[in-house]
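The structure appears right after this line, and notes come after that.
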Amino acid sequence: MLTVEIHATSHIGRVRKGNEDNYLLLNITDAKTWMSSQDPGEFVIESQKFGIDDNGVILAVSDGMGGALAGEVASKMAVETICQKFLDDEPEKTIAPEELNQSLISKLYDATVYANHLIHHQGRTDAQFQGMGATFTGIGITPEAIDLIQVGDSRAYLVRNSQIYQVTKDQSLVQQLIDAGQIQPEEAETHTLKNVILQALGAQNEIFPVSARLLPQRNDVLLLCSDGLSNKIGGSDMQRIILDNFDQLQIAAAEMVKEANERGGEDNITLILVKLRGDTLPKPTGNEIKLELLNLGNIHDTAEQDTMEILK
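In our numbering, the protein residues as written are 15 to 326.
Given below as structure tokens:
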């Protein structure tokens, strides 16, 4: 049986007056949900361990943006809407009958699009929330697949076979400049437009979430995080912290928050660490990671393969 060990936390950082990040842990079969506390005086690591059946689990990080409390509202709406779409007592209210047999990734995709609709509507109809938005990076895990959804620049990483890979690509202006060969990756860290993202939940009427799939392997560790972590700690440092605390990932979570704060802590810091265990999972072999990019306009349509590179 596939089991997951999960450690999640969200910290205000050293500069911000409030926490606009949120995380979500959702065990679909048991209808149990955990979200981050946004109390600035608290630093809590939520730790859970349970088995996964075909219904799967959903894990997500959302980084809010906007004036006053707008970012906090947007990220909270994002994670709460996902729960609503999966856990409503009357499924016909949230998922059309022909969609009841959807795959987990297709349901997550639709829920993300719906969250965008609600946040965008709230921002347009309530002046105090005008212009609010939120990133959303989520994964759905079943015994057969690790499915990813991304809107914005919160990231997902994979540690496998003692190597670390970034399995999402920032939907940001500087990433676009890197892809076009106009700047080098190291220049992105100090670029004046580094905080400009190309899409976010609520910012536009229509969004195009990126969706992808990985095949799970034994002892995989997944890391989801907001840019409050990834802007301060590079892949090699993440790898070091995770491998040094591989059997105590709660310590790894606390150490990452500590290091991000020691390096400035200008932003909220949110992360989820997940370890997969199970005798039915294949053992990892080699260093090549295949990421299947999905076209969820029609999930059975063409899909591409992308090979992940080891982060140095």
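Note that the Cβ used here is the ideal one computed from N, Cα and C, for glycine as well. None of these values were measured; they are calculated from a predicted model.
Return the chain-ordered list of same chain residues with a C-beta closer than 7 Å to the C-beta of residue i, the five sequence neighbours on each side being excluded.
i	result
residue 239	75, 168, 169, 284 and 285
residue 70	42, 118, 154, 155 and 156
residue 177	301 and 324
Can you tell me whether residue i is buried or exposed? The criterion is at least 16 other CB atoms within 10 Å of its CB, across all chains shown.
i	result
residue 277	exposed
residue 35	buried
residue 149	buried
residue 304	exposed
residue 203	exposed
residue 271	buried
residue 299	exposed
residue 188	buried
residue 227	buried
residue 134	buried
residue 207	exposed
residue 77	buried
residue 246	buried
residue 110	Per-residue confidence for residue 110 stands at a pLDDT of 46, beneath the threshold of 50, marking its modelled position as unreliable; the derived number appears in the next sentence. Exposed, since its Cβ has fewer than 16 Cβ neighbours within 10 Å.
residue 84	buried
For residue i, which option in the options has the closest C-alpha, if you only look at C-alpha atoms?
i	options	result
residue 20	32, 265 and 78	265
residue 61	152, 27 and 18	18
residue 51	15, 296 and 22	22
residue 175	96, 269, 215 and 230	230
residue 215	72, 84 and 131	131
residue 179	158, 251, 210 and 136	251
Assuming the contact rule is C-beta atoms closer than 8 Å, residue i and residue j should be a hit. Round their C-beta distance to whole Å, please.
i	j	result
residue 143	residue 121	Rounded, the Cβ-Cβ distance is 27 Å, inconsistent with contact.
residue 186	residue 162	With 8 Å as the limit, residue 186 and residue 162 do not qualify as a contact, their Cβ atoms being about 17 Å apart.
residue 29	residue 280	5 Å
residue 242	residue 274	6 Å
residue 263	residue 295	Actually they do not touch by this definition, with Cβ atoms about 17 Å apart.
residue 234	residue 172	6 Å
Please return the same chain residues whose Cβ sits closer than 6 Å to the Cβ of residue i, not counting the five positions on each side in sequence.
i	result
residue 25	57, 271 and 283
With respect to 6 Å, is the separation between the Cβ of residue i and the closest non-hydrogen atom of the ligand COA below this value?
i	result
residue 141	Inclusion of the ligand COA in the displayed structure is not the case, the ligand content being empty and no account of it being possible.
| said: Threshold first: 4 residues or longer. Then list the alpha helix (DSSP H) segments lying entirely within the region 183-242, N to C. | reply: The region 183-242 contains these whole alpha helix (DSSP H) runs: 187-193 and 199-202.
| field | Every unbroken beta strand (DSSP E) inside the region 133-191 [3 residues or more] | value | Fully enclosed beta strand (DSSP E) runs of 3 or longer: 150-155, 160-165, 169-174 and 177-180.
| message | If we require 4 or more residues per run, which alpha helix (DSSP H) segments fall completely within the region 25-55? | response | Complete alpha helix (DSSP H) runs here, min 4: none at all.
| message | Report the start-end ranges of each beta strand (DSSP E) in the region 268-302 that is 3 residues or longer and not cut off at the edges. | response | Within the region 268-302, the complete beta strand (DSSP E) runs of at least 3 residues are 283-291.
| query | Considering only residues of the region 55-101, which uninterrupted beta strand (DSSP E) runs meet the minimum length of 3 residues and lie entirely inside it, listed in chain order? | reply | DSSP runs (the beta strand (DSSP E)) wholly in the region 55-101: 60-66 and 71-79.
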